Amino acid sequence: MEQGAHLLVDNALARLAPGDRLTVAGRDPHLAVHLAGWARARGHVLEADDGLVLVKGPAAGQRWQDSVRAGGPGADGVLARAPVSWGLAARGALVEAGGPSLAVDLTERDLVWTDVAPRLYAQAAASQWDPATAIAWNEPFELPPEIEGAVVQVMTYLIENEQAALDVPARFIGRVHPHYREVVQFLATQVADEARHVEVFTRRAALRRRELGTSGAGGRASLQTLLQETDFSLASLLLSVLGEGTFLSLLSFLERHAPDTVTRQVCRLALQDEARHVAYGQSHLEHRVAVDPSLRDRLRSAVERRHDALADTAGLQTEVLDALIVLAAGEWSPPGIARGFGLVRALQADMDEGRQRRLGRLGFPADEAAALSALHTRNFM
Amino acid sequence: MTPAVRRFDVGVGLHGDHVGGERAAAKALLAGEVDAACMVDGNHLLFAQEGTLVAGATRVLAQTGSYDHCNMTALDPGRSHTAVDRFRRLLLGMDYGDPAVRPLLDLEGLKRWRDGRVSGYHLLEAAVDGSAFYDRKGALSAADYRP
Ligand SMILES: [Fe+2]
Ligand SMILES: [Fe+2]
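If you read the protein sequences in the order shown, they are chains A and B. Count along the first sequence from 1, add 37, and you get the number used in our numbering. Count along the second sequence from 1, add 59, and you get the number used in our numbering.
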């Protein structure tokens, strides 16, 4: 018993019913003493007899009599509702009744789920890149000061947007029932992705200059409204479908027109991650409107509410828009500026077209999708 | 020759020790400070499993018969018979299958409460009297006791 023999006894008892007898034999001189103490603590009775005979007690059965199987480990074991009384138990575990309840409120599958969650999480886990090695930080380049200044301003703007995109999923992680494990896992990768984006945009901004660009109050007001949205699905719409969706256009624009390798690489890597974030938000909302078409009304009012909240703010600061023009121009010359101006106009049309397409996939008719897209924040995110 | 008794008082504010005192006794035994130590059978097993005692290095000299390690005693029950009776019914009604009370039973090391028994204590009683731990009125008289 001093070296684990209780496992042998337990194993034999497991096959018996309460009240059944088990004869125990062994050579340890302390066996009788130890077996008595062990059995008493577990509610078995050691019969006062010549041999060592245990009578199985009811405690083990009593402990598990109200236990529940918490779904199954695979995606096919996901249940429509997960009780908070399951706490942090693994999905698929046999959960003993009792214990503290979890303080989470997203306890229904349809509030957070999409069938592609397991696949998107796996993809995200496989796509984590190392900022130290994925980018050619030491690649020599020198840009005209106006162009370098434009890059620094765009990076400065991106950083605060990435920070908001990190904050929003981070706030939801603690509110999703861990039964919906793949959702929590995906959100965790999203937070890690945004952490890297904050890092690489900061490093690019500070690569040649000691000072960063400006942060406008209007842009920050726009981002603040994202943090204030406490409904998971509405936040998915505002952040992922509309905000990060718009950023897909922005990042591919930056990748295409980047004046240096480092800028091109950081934008390309961020773009890959963002495509996943958009895919999650989009497929979650498609799942949810399929289950509950009335959600569309709430999605519409979320966009309208945010637009009203931002009506008195500047939205995107002119410095950022101007920096995009200069960055796309690639040179400080009147024809270059004119070209950059045209490219940014085209970018904004592309952003609008992307938003309308995604809203259309959520079941909004074309005219409504166009109207809602027009209400999206001028800050892009 | 009367053996000298060394007590290992690890009090919890009551006139009784918990497992800590028995563990200290086991350590004293292993260190050669005492020749024998008293402990319940389950703790002898526990101390060997956790490594306080070297497995197989001690032997059991003698065992008392079993007695209940914990008793609820109501003083002057005549004055509040209903309260005492209710307390008794509540304890006996604690069901190990009930998740709300199971952690409490686990803390006490029980699977259920049983009707009070006063049998089985004669050896303990003789030892306590022999060491003059309590006086005739039941008051604590051991001068060096630190609860
Ligand atoms: Fe990002
Ligand atoms: Fe993102």
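Ideal placement from N, C-alpha and C gives every residue a C-beta, glycine not left out. On a predicted model such as this, the values are computed, not experimentally measured, just so you know.
Limits of the alpha helix (DSSP H) - the one that B/Leu104 falls within: Start and end: 100-109.
Between B/Ala96 and chain A, is the shortest Cβ-Cβ distance under 8 Å, so that the two count as touching? no
When DSSP labels each residue in this structure, what does B/Tyr193 get in the three-state scheme? Strand.
Under a three-way DSSP split, which group does B/Arg148 fall into? helix
Within 8 Å (strictly less), CB to CB, does B/Tyr193 reach chain A? So, not an interface residue.
Checking contacts by CB at 8 Å: is B/Asp174 closer than that to chain A? no
Could one say the Cβ of A/Ala447 lies closer than 8 Å to chain B's Cβ atoms, at least one of them? Limits of chain A in this structure are 38 at one end and 418 at the other, which puts residue 447 of chain A out of reach.
Which residues in chain B have a C-beta closer than 8 Å to the C-beta of A/Gly135? List them in chain order. Residues of chain B passing the Cβ test: Pro158, Ala159, Arg161, Pro162.
Check whether A/Gly256 and A/Leu353 have beta carbons under 8 Å apart: Yes.
Whose CA, out of A/Gly111, A/Leu203, A/Ala339, lies closest to the CA of A/Glu236? A/Leu203
Do A/Phe269 and A/Phe209 have their C-beta atoms within less than 8 Å of each other? yes
Could you list which residues in chain B have their beta carbon closer than 9 Å to that of A/Gly74, in chain order? Val99, Asp100, Gly101, Asn102, His103, Leu104, Leu105
Could you have a look at A/Glu292 and say whether DSSP puts it in helix, strand or coil? helix
Just by C-beta distance, which residues in the segment 108-123 of chain A are closer than 7 Å to chain B? none
When DSSP labels each residue in this structure, what does A/Glu179 get in the three-state scheme? coil
Any chain B beta carbon closer than 8 Å to A/Pro66: yes
Is any non-hydrogen atom of ligand 2 found closer than 7 Å to the C-beta of A/Asp103, if you look at the structure I gave you? no
Are the C-beta atoms of B/Ala114 and some chain A residue less than 8 Å apart? Put simply, the CB of B/Ala114 is near chain A, with a gap under 8 Å to one of its CB atoms.
is_contact[A/Asp86, chain B] using C-beta, thresh 8 Å: For A/Asp86, no Cβ of chain B is located within less than 8 Å of the residue's own Cβ.
Is DSSP giving A/Val105 helix, strand or coil here? strand
Every unbroken alpha helix (DSSP H) inside the segment 354-385 of chain A [4 residues or more]: 355-366
Alpha carbons only, please: which of A/Ala119, A/Asp113, A/Gly56 is nearest the one belonging to A/Val92? A/Gly56
Going by DSSP, what residue range makes up the alpha helix (DSSP H) through A/Val315? For A/Val315, the enclosing alpha helix (DSSP H) has its first and last residue at 298-328.
Could you check which residue in B/Leu164, B/Asp188, B/Tyr180 has the C-alpha nearest to that of B/Met153? B/Leu164
Which chain A residues sit within Cβ distance under 9 Å of B/Arg118? Pro66, His67
Report all residues for which the CB-ligand distance to some heavy atom of ligand 2 is below 5 Å; order them along the chain. A/Ala202, A/Glu281, A/Glu311, A/His314
Helix, strand or coil: how does DSSP classify A/Val115 here? Taken through DSSP and simplified to helix, strand or coil, A/Val115 comes out as coil.
Comparing the CB of A/Ala307 with every heavy atom of ligand 1, is any distance shorter than 7 Å? yes
Going by CA-CA distance only, name the one from A/Pro95, A/Glu176, A/Ser164 that's closest to B/Leu169. Comparing Cα-Cα distances from B/Leu169 to each of A/Pro95, A/Glu176, A/Ser164, the minimum goes to A/Pro95.
Taking the Cβ atom as the reference point for each residue, do A/Arg240 and A/Val189 lie within a distance shorter than 8 Å? In this structure, A/Val189 does not lie closer than 8 Å to A/Arg240 by Cβ.
Do we get a CB-CB distance below 8 Å when we pair A/Arg100 with the residues of chain B? yes
Along chain A, which residues have their Cβ under 9 Å away from the Cβ of B/Gly168? Arg77, Ala78
For B/Arg82 and A/Glu39, I'd like the C-alpha separation in whole angstroms. 16 Å
Taking the alpha-carbon positions, what's the A/Pro371 to A/Gln160 distance? 45 Å
Of the choices B/Ala87, B/Thr117, B/Leu89, B/Ala90, whose alpha-carbon is the least far from that of B/Asp100? B/Thr117
Measuring only the C-alpha atoms, how far is A/Ala295 from A/Asp359? 15 Å
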